[in-house]
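Residues are numbered in the numbering used here as their position in the sequence shown, beginning at 1, plus a constant of 15.
Glycine residues also receive a C-beta, built at the ideal position from the N, C-alpha and C atoms.
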Amino acid sequence: MWSVVHMTDLLSALTYTFKQEIAGRQELEGQTLQAVKDFVNVLAKYFPGSSGVSAFLHNINRRLHQSKTKITYKEWALMLDEQEEVSPLLPEVRWVGCRGTQPHRRGYSCSLWLLFHTLTVQQAAEPDPTQSSQSVLLAMRGYITTMFGCQECGKNFQKEAVNMETEVATPEDAILWLWRTHNRVNKRLHGDLSEDPQFPKVQFPPAWLCPSCRKVQEKDSKLMWDEGQVLQFLKRHYGSANFIYDNPSLQGVDPGPHFHLQPTMARQSEPQQPHKQTSQQGLVGVHVKDLQGGLHRRRDPNFGVKVERLSGNKKSLSQAGWVFSNLDISMCVMLYVLSSALVVGLYVLFIVKRRRRRRTPLV
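Here it is as structure tokens:
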């Protein structure tokens, strides 16, 4: 058995990051601006996308490093618009392997873990002596602690990463460090209210996915890992050969004209493990608010930000062309009641007049 990584989830992580998380800030300066610069820099170097994706990220990276000490919301939006015209990239957000059973579960947080695991593996596959082995992890720490919508998550990750610099000396160390950290987080959150019941947070990889990764079976709540086998597994799992391109235009070629990944209604996916990605997942659309229209952010303790989501097998009323607000519905009910009362009143008046005519004596 095997599991895959969906390129749609990785691209959706970029879209959500650029159009929701970063665009939600009134301005970027100081630590926040540096965090965005570092994050985009490792994306430009190691994101395993097509030449169009690579061009987009390199252009954004270049513009960021040419920028002044502060970038406003409008300047960021304009930067994205200009680059989209040159090298289209950002599709609508759709979670495939990262789709949760409810809008606020998994989604972006899942895709962000997926993205950073992939970046650490890509860094090891493309060694650059000019880059620190910790560059991806440092960018991750900077972004999570300053930009991620869930502030509590940022504080927790900061605690996890206290000794990171002394624990990571090579790109392979970075891969294993992030794997260990993710498993510690899963262990801490297992059974938490924020956990998706169909996607329990367990230790990864499970025995069925990588039997050789475990030295012994779980015993006395203690699990032993063969980290040499784990490393080889992670390189395969998050390597380019294991990607699934849900849209043909995403695969190693220029996507051409600007494309939108249209939301598709599908049946609920079957239960899977936290890191596990299955090729049979259905797609659920997520509409990211337009940059010029403002962002409506609702905080969630597990994930930080939620966006409007289409779920289930049926089209929503708004998709079908029917858009009713609560006020509209209230007015319809009121008109119905008034109309009914008017009909009843006219009927009563008619009956009363009719009886009076019958009682009037003939002269």
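**Item:** For R229, the three-state DSSP class (helix, strand or coil)
**Value:** strand
**Request:** List the endpoints of the continuous beta strand (DSSP E) containing W110.
**Result:** 108-110
**Request:** Quick one: using the 10 Å Cβ neighbour count with 16 as the cut-off for buried, is G206 buried or exposed?
**Result:** exposed
**Request:** Return helix, strand or coil for H21, following the three-state DSSP convention.
**Result:** strand
**Backbone secondary structure at F163 - three-state DSSP** = coil
**Asked** Counting only beta-carbon atoms, is S18 nearer than 8 Å to chain B?
**Response** The structure shown contains no chain B; it holds only a single protein chain.
**Prompt:** Does the distance from the C-beta atom of S124 to that of D24 stay below 8 Å?
**Reply:** no
**Prompt:** Short check: CB of R156 to CB of F172, under 8 Å?
**Reply:** Taking a C-beta distance under 8 Å as the contact criterion, R156 and F172 qualify as a contact pair.
**Item:** Straight-line Cα distance separating M349 from S340
**Value:** Residue placement at S340 is flagged as unreliable, the pLDDT there being 44, under the threshold of 50; a coordinate-derived value is accordingly withheld.
**Message:** Measuring CB atoms only, is the segment 65-82 touching the segment 148-155, in the sense that at least three cross pairs come out at less than 8 Å?
**Reply:** no
**Message:** Quick check on W223: does DSSP put it in helix, strand or coil?
**Reply:** Note: W223 maps to coil in three-state DSSP.
**Prompt:** Which first and last residues belong to the alpha helix (DSSP H) in which E180 is found?
**Reply:** 179-182
**Item:** Own chain residues within Cβ distance below 7 Å of R199, not counting five before or after
**Value:** E175
**Asked** Are there 16 or more other CB atoms within 10 angstroms of the CB of P106, so buried, or fewer, so exposed?
**Response** buried
**Request:** Enumerate, from N- to C-terminal direction, the unbroken alpha helix (DSSP H) stretches of 4 or more residues contained entirely within the segment 111-153.
**Result:** 123-140
**Request:** Rank Q244, V217, Q218 by C-alpha distance to the C-alpha of K230 and give the top, closest one.
**Result:** Just measuring C-alpha positions, the residue of Q244, V217, Q218 sitting nearest K230 is Q244.
**Prompt:** Taking the alpha helix (DSSP H) that I402 falls in, what are its first and last residues?
**Reply:** Given that the chain is displayed from residue 16 to residue 378, the structure contains no residue 402 and the question cannot be resolved.
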